[in-house]
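Numbering (the working numbering), first residue to last: -18 to 49. Note that CB positions come from ideal geometry on N, CA and C, so glycine has one too. Note that the structure is a prediction, hence the values are computed from the model and not measured.
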């Protein structure tokens, strides 16, 4: 599992720069699950020939529920 994002003071998750490159690298390294801020999902593509599962969340609470 890998997670990318910036955590705000209220627990919201914000997008980070070069999200597509980060997801591509995580897939290349063999990660199978990726937690990302829902806000940065526009235009994001799953890398070809990878089995990485993209999980979009709005806040820390949703991210923790995905882990259970």
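Per DSSP, what kind of secondary structure is residue i in: helix, strand or coil?
i	result
residue 32	coil
residue 45	helix
residue -16	strand
residue 3	helix
residue 69	The requested residue 69 is not part of the displayed model; the chain covers only -18 to 49.
residue 8	helix
How close, in whole Å, do the beta carbons of residue i and residue j come, if the pair is a contact with beta carbons under 8 Å?
i	j	result
residue 43	residue 13	With a Cβ gap of about 19 Å, residue 43 and residue 13 do not count as contacting.
residue 23	residue 38	That pair is no contact at about 15 Å.
Determine the burial state of residue i: buried for a count of at least 16 other Cβ atoms within 10 Å of its Cβ, exposed for fewer.
i	result
residue 29	exposed
Is the CB-CB distance between residue i and residue j below 9 Å?
i	j	result
residue 49	residue 21	no
residue -3	residue 6	no
residue -9	residue 17	no
For residue i, which option in the options has the closest C-alpha, if you only look at C-alpha atoms?
i	options	result
residue -7	-16, 41, -1, 8	41
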